[in-house]
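Visitor:
Okay, here's the thing in structure tokens:
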């Protein structure tokens with residue numbers, strides 16, 4: 001026990017040293033990885049990059065949220081957006097998953113402010129990154145309800161509006177609102193449910209904006225990979241496997257020596273299809289799994305707890321997800337949901353002291369995805 005505690009303290013000291021080094025490295029940048037940045041701060045950081053690196057960075061308006069907040073994406077390109085291939089990354093579709101926007105920001109920081117170290121990730125490959133899909137919900141988790149999941153829209157235009165307003169706050173699960181097998185499984189019609197899918201597919205302004213943006217970026221079919229960042233993979237105790245008849249108990253992938261492991265359950269790399277466990281896997285499921293496993297190996301090598309790689313519906317069926325839609329409708333060859341590190345009292349509140357470790361480990365996996373996208 002004494003050895004374990006010493007190892008944890010030693011690791012914590014190394015984390016803090018890395019954080020101080022990064023702060024010195026980015027002394028002239030407004031980005032922070034010792035705290036979770038607010039939406040307004042993220043927007044200002046993106047504007048700062050556009051001014052400082054005009055030949056590399058282009059800001060693109062994805063639209064405005066239900067409450068009028070900007071949804072800004074950043075294009076990072078050595079070729080002015082004319083590379084033969086592209087990767088599209090988004091984060092923060094679920095409001096409470098703060099580590100997802102932080103990871104997107106670290107990716108942006110590495111690509112833009114440390115280009116010389118990572119120029120290989122930009123060779124023949126453009127990056128489109130939307131760090132906060134759900135800015136209203138994200139801000140709501142900072143000011144009102146830390147564990148709010150949904151957006152802040154979902155108008156209630158029914159005679160029961162007064163009842164819904166009395167029972168719960170408005171909002172829909174944006175990751176159940178995309179128009180691919182909408183409401184087939186794993187979603188709710190109950191407005192107070194966390195997985196409320198909205199009144200219809202693309203009923204929410206944020207999902208509409210993301211849909212239109214992805215289709216616009218991919219109009220020439222250059223986008224080879226879509227990565228949507230989430231957190232965290234839930235504990236699975238007992239369930240029936242897709243296309244299997246046996247029950248299996250799984251334990252959490254926890255290592256007592258990992259600083260994230262005291263409150264980590266599963267980290268996951270999920271690929272389509274997620275809309276129903278009874279359907280056949282995607283035709284390129286093996287390749288999707290191989291790429292995911294390669295990314296997992298890179299993150300484990302960097303010190304991460306292992307990521308479980310599997311078909312989305314093997315975790316649980318959930319129709320209306322952006323990953324399924326990206327592959328099934330937007331025709332993006334490789335699509336993944338990455339469930340990042342969890343922690344804290346509720347799993348979604350990874351301590352700020354763990355941000356840097358998490359984003360650095362995840363970045364190693366993102367580099368693998370980029371490398372594979374360059375080959376597609």
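Numbering (the UniProt record's numbering), first residue to last: 1 to 376.
We put the beta carbon where it would ideally sit given N, CA and C, even for glycine.
(1) By Cβ distance, which residues of its chain are closer than 8 Å to residue 9, with the 5 residues on each side in sequence left out?
(2) Name the DSSP beta bridge partners of residue 339, please?
(3) Given a threshold of 16 other Cβ atoms within 10 Å of its Cβ, counted over all protein chains shown, does residue 72 qualify as buried or as exposed?
(4) Mapping the DSSP letters down to three states, classify residue 195 as helix, strand or coil.
(5) Ignoring anything shorter than 3 residues, give me the beta strand (DSSP E) runs that lie fully in the segment 114 to 139, in order along the chain.
(6) What is the DSSP secondary structure of residue 397, reduced to helix, strand or coil?
(7) What residues in its chain sit with their C-beta under 7 Å from that of residue 309, if we drop five residues either side in the sequence?
(8) Quick one: using the 10 Å Cβ neighbour count with 16 as the cut-off for buried, is residue 186 buried or exposed?
(9) Which class does residue 290 belong to by DSSP, given the choice of helix, strand or coil?
(10) Mind checking whether residue 230 and residue 94 have CB atoms under 9 Å apart?
(11) Return the chain-ordered list of same chain residues with a C-beta closer than 8 Å to the C-beta of residue 48, the five sequence neighbours on each side being excluded.
(12) To the nearest whole angstrom, what separates the beta carbons of residue 87 and residue 227, a pair I think is in contact under 8 Å?
(13) Under a three-way DSSP split, which group does residue 43 fall into?
(14) Count the CB pairs spanning the segment 44 to 63 and the segment 103 to 120 that are closer than 8 Å, and state whether there are at least three.
(15) Using the three-state DSSP reduction, which class does residue 75 fall into: helix, strand or coil?
(16) Are the beta-carbon atoms belonging to residue 367 and residue 121 less than 9 Å from one another?
(17) When you compare the CB positions of residue 327 and residue 285, do they come within less than 9 Å of one another, or not?
(18) Can you tell me whether residue 61 is buried or exposed? The criterion is at least 16 other CB atoms within 10 Å of its CB, across all chains shown.
(19) According to DSSP, is residue 35 helix, strand or coil?
(20) Can residue 89 and residue 78 be called in contact, C-beta distance under 9 Å?
(21) Please name the residue, chosen from 98, 218, 105, that lies closest to residue 142 on a Cα-to-Cα basis.
(22) I need the boundaries of the alpha helix (DSSP H) containing residue 352, first residue and last residue.
(23) Counting beta carbon pairs with one atom in the segment 311 to 320 and one in the segment 351 to 369, are three or more of them shorter than 8 Å?
(24) Starting from the C-beta of residue 362, find all residues in its chain whose C-beta is less than 7 Å away, skip the five residues before and the five after it, and write them out in chain order.
(25) Determine, using beta carbons only, whether residue 50 and residue 224 come nearer to each other than 9 Å.
(26) According to DSSP, is residue 371 helix, strand or coil?
(27) Answer with buried or exposed for residue 301, where buried requires no fewer than 16 other C-beta atoms within 10 angstroms of its C-beta.
(28) Going by the DSSP bridge assignment, what does residue 86 pair with across the sheet?
Guide: Working from what's here:
(1) Looking up residue 9 in the chain shown gives position 9. Unreliable placement is indicated for residue 9, whose pLDDT of 48 sits below 50; the coordinate value is still reported in the next sentence. Apart from sequence neighbours up to five positions away, no residue of its chain approaches residue 9 with a beta-carbon distance below 8 Å.
(2) Position 339 of the chain shown, counted from the first residue, corresponds to residue 339. DSSP output for residue 339 lists 230, 268 as bridge partner(s).
(3) The sequence position of residue 72 within the chain shown is 72, counting from 1. With 16 or more Cβ atoms within 10 Å of its Cβ, residue 72 is classed as buried.
(4) Taking the first residue of the chain shown as position 1, residue 195 is located at position 195. If DSSP states are grouped into helix, strand and coil, residue 195 belongs with coil.
(5) Counting whole runs of 3 or more residues, the segment 114 to 139 contains the beta strand (DSSP E) stretches 125 to 130.
(6) With the chain covering only 1 through 376, there is no way to say anything about residue 397.
(7) For the purposes of this step, residue 309 is taken as the residue at position 309 of the chain shown. Hits under 7 Å: 269, 289, 292, 293, 296.
(8) Translated into positions along the chain shown, residue 186 becomes position 186. Counting every other CB atom within 10 Å of its CB across the protein chains shown gives residue 186 a total of 16 or more, marking it as buried.
(9) Start at 1 with the first residue of the chain shown, and residue 290 comes out as number 290. Under the three-state reduction of DSSP output, residue 290 falls in the helix class.
(10) For the purposes of this step, residue 230 is taken as residue 230 along the chain shown, with counting starting at 1. For the purposes of this step, residue 94 is taken as residue 94 along the chain shown, with counting starting at 1. The answer is yes: Cβ separation under 9 Å.
(11) Locating residue 48 in the chain shown gives position 48, where the first residue counts as 1. Excluding five sequence positions before and after residue 48, the CB atoms of its chain that fall closer than 8 Å to its own CB belong to 29, 30, given in chain order.
(12) In the chain shown, the residue the question calls residue 87 occupies position 87. In the chain shown, the residue the question calls residue 227 occupies position 227. Indeed, because the Cβ distance is near 7 Å, the residues count as touching under 8 Å.
(13) Translated into positions along the chain shown, residue 43 becomes position 43. Reduced to three states, the DSSP call for residue 43 is helix.
(14) Yes: the two stretches touch, three or more of their Cβ pairs being nearer than 8 Å.
(15) What you label residue 75 is simply residue 75 of the chain shown in a count that begins at 1. Strand.
(16) As a first step, residue 367 must be located in the chain shown, where it is residue number 367. As a first step, residue 121 must be located in the chain shown, where it is residue number 121. In this structure, residue 367 sits near residue 121, with a CB-CB distance shorter than 9 Å.
(17) Counting from 1 along the chain shown, the entry for residue 327 is found at position 327. Counting from 1 along the chain shown, the entry for residue 285 is found at position 285. No, Cβ-Cβ distance for residue 327 and residue 285 is not below 9 Å.
(18) Within the chain shown, the letter at position 61 stands for residue 61. Taking all protein chains in view, the Cβ of residue 61 is surrounded by fewer than 16 other Cβ atoms within 10 Å, so the residue is classified as exposed.
(19) As a position in the chain shown, residue 35 is number 35, starting the count at 1. In the structure shown, residue 35 sits in coil (DSSP, three-state: anything other than H, G, I, E or B).
(20) In the chain shown, residue 89 corresponds to position 89, counting from 1. In the chain shown, residue 78 corresponds to position 78, counting from 1. Inclusion of residue 89 and residue 78 in the CB contact set at 9 Å is not warranted, their separation being larger than that value.
(21) Locating residue 142 in the chain shown gives position 142, counting from the first residue. Looking from the CA of residue 142, the closest CA among 98, 218, 105 belongs to 98.
(22) For the purposes of this step, residue 352 is identified with residue 352 of the chain shown, where counting begins at 1. Unbroken run through residue 352: none, as it is neither H nor E.
(23) Contact between the segment 351 to 369 and the segment 311 to 320 is absent, because fewer than three Cβ pairs lie under 8 Å.
(24) Looking up residue 362 in the chain shown gives position 362. Spatial neighbours of residue 362 in its own chain (CB-CB distance under 7 Å, excluding positions within 5 residues in sequence) are listed in chain order as 103, 299, 340.
(25) Walking along the chain shown from the start, residue 50 turns up at place 50. Walking along the chain shown from the start, residue 224 turns up at place 224. Going by beta carbons, residue 50 and residue 224 fall outside the 9 Å limit.
(26) In the chain shown, residue 371 corresponds to position 371, counting from 1. When secondary structure is reduced to three states using DSSP, residue 371 falls in the helix class.
(27) In the chain shown, residue 301 corresponds to position 301, counting from 1. So residue 301 counts as exposed.
(28) In the chain shown, residue 86 corresponds to position 86, counting from 1. In the DSSP output, where bridge partners are listed per residue, residue 86 has 126, 223.
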